Ligand code: 13P
Ligand code: SF4
């Protein structure tokens, strides 16, 4: 653990080099506090894609997991997208290959294919439309004219969308190993300790957890909900990294993790040391072949068009 003075020096070095490289630092809501503190943009998957598309920086330092950096690179191939730790992957994204999607499409040739942003670029290239946890319901609602809808890879997000839209979806068996650690008994226990708290959870959680919540929201939607709510206490059912942001944004409110076990090890791989190294070396670059990129971009553009 770096002591405060060392962190300050490191932060200054990062800032200088960032300006020299004309770089921007995009940070997901689950990142370590030391990384959140030096973000130019901090947000959920959708917000970070939008920030990547909009920035005029030459270099994007992506502090999140691999599919997020890939999405940035798909949207802005003229920019150099680098990850301070290239091994920060998303196990859910790794639960489905492009070949798996092609097989599903063969089995259901009339179905529209919706894919969560938590997928590889190769999988995105097979989709009709992409979605994030913020807009999955709106995306599926926009496909009224389609008889069948395939929704991949997260079976629990699919379950949530089914409940909200009333549509039966063709699902895959993927899930988030971090969010399934949050159990209904965790919510019941925390609710007993904090009876006046609002319960907010991520739609990647188990359906039995979602059904106990006041709202199921993306990470940035949770931040908005907490800010705008009259409630003073919140039980938060998502990766624990979000709590730092919630507390910082709302010093007068209390936030309790539904489960301290909900840690995404990949989201914790990025540190300030690695960010400095990435800016020094301009590595590790994330780039997608042009053939895949153009097909994947269509699915992302379609999502942005719908929402
Ligand atoms: P958000 O888009 O809600 O930030 O979710 C990303 C993610 O990986 C959740 O586990
Ligand atoms: Fe993937 Fe889950 Fe980690 Fe999000 S929290 S990056 S879905 S493993």
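Residue numbers (the numbering used here): 11 to 317.
In this text, a Cβ means the ideal position worked out from N, Cα and C, and glycines have one as well.
Predicted model only: the values in this text are computed from it and were never measured.
Item: Thinking just about the alpha-carbon of each residue, which of 67, 62, 68 and 66 is nearest to the one in residue 80?; Value: 62
Item: List in chain order: all unbroken alpha helix (DSSP H) runs of 4+ residues lying wholly within the segment 51 to 136.; Value: 55 to 64, 76 to 85, 108 to 117 and 131 to 134
Item: With a threshold of 7 Å (Cβ to nearest heavy atom), would residue 277 be considered close to the ligand SF4?; Value: yes
Item: The ligand SF4 and residue 229: does any heavy atom of the ligand fall closer than 7 Å to the residue's C-beta?; Value: no
Item: What number of angstroms, rounded off, separates the C-alpha of residue 243 from the C-alpha of residue 297?; Value: 42 Å
Item: What do you reckon, is the C-beta of residue 189 under 7 Å from a heavy atom of the ligand SF4?; Value: yes
Item: Kindly identify the DSSP beta-bridge partner or partners of residue 160.; Value: 123 and 180
Item: With DSSP run on the structure shown, which of helix, strand or coil describes residue 189?; Value: helix
Item: For a test of the three-state rule: what should DSSP assign to residue 253, helix, strand or coil?; Value: helix
Item: For residue 394, count the other beta carbons within 10 Å of its own beta carbon; 16 or more makes it buried, fewer makes it exposed. Which is it?; Value: Not covered by the structure: residue 394. The range shown for the chain is 11 to 317.
Item: Would you call the segment 38 to 46 in contact with the segment 118 to 132, where contact means no fewer than 3 C-beta pairs closer than 8 Å?; Value: no
Item: What separation, rounded to the nearest whole angstrom, lies between the Cα atoms of residue 180 and residue 234?; Value: 31 Å
Item: Only counting the same chain, and skipping five residues up and downstream in sequence, which positions put a Cβ closer than 7 Å to that of residue 172?; Value: 178 and 179
Item: Taking all protein chains shown into account, decide if residue 161 is buried (16 or more other Cβ within 10 angstroms of its Cβ) or exposed.; Value: buried
Item: Are the CB atoms of residue 268 and residue 211 within a distance shorter than 8 Å?; Value: yes
Item: If you measure from the CB of residue 40, is any heavy atom of the ligand SF4 nearer than 7 Å?; Value: yes
Item: At what residues does the alpha helix (DSSP H) containing residue 238 begin and finish?; Value: 229 to 238
Item: With DSSP collapsed to three states, give me the class of residue 20.; Value: helix
Item: With residue 266 and residue 207 assumed to form a contact (beta carbons below 8 Å), what rounded beta-carbon distance in angstroms separates them?; Value: 7 Å
Item: Starting from the N-terminal side, write out each stretch of the beta strand (DSSP E) that is 3 residues or longer and does not extend beyond the segment 264 to 313.; Value: 264 to 267
Item: Use the C-beta contact count for residue 271: other C-beta atoms within 10 angstroms, 16 or more gives buried, fewer gives exposed.; Value: exposed
Item: Cβ of residue 47 within 7 Å of any heavy atom in the ligand 13P?; Value: no
Item: To which residues of the same chain is residue 254 closer than 7 Å at the C-beta, ignoring the five residues directly before and after it?; Value: 43 and 46
Item: Following the continuous beta strand (DSSP E) through residue 32, name the residue where it begins and the one where it ends.; Value: Premise fails: residue 32 is in no beta strand (DSSP E) and is neither H nor E.
Item: What's the C-alpha gap between residue 114 and residue 241?; Value: 44 Å
Item: Can you tell which of 303, 316 and 282 has the C-alpha that lies nearest to the C-alpha of residue 23?; Value: 282
Item: Shorter than 7 Å, the distance from the beta carbon of residue 76 to the closest heavy atom of the ligand 13P, or not?; Value: no
Item: What residue range is occupied by the uninterrupted beta strand (DSSP E) comprising residue 243?; Value: 243 to 247
Item: Assign residue 317 to one of three DSSP states: helix, strand, or coil.; Value: coil
Item: With a threshold of 7 Å, establish whether the CB of residue 270 neighbours any heavy atom of the ligand SF4.; Value: no
Item: Compare the C-alpha of residue 189 against each of 217, 110, 135 and 204 and name the closest.; Value: 217
Item: For residue 225, which three-state DSSP category applies?; Value: strand
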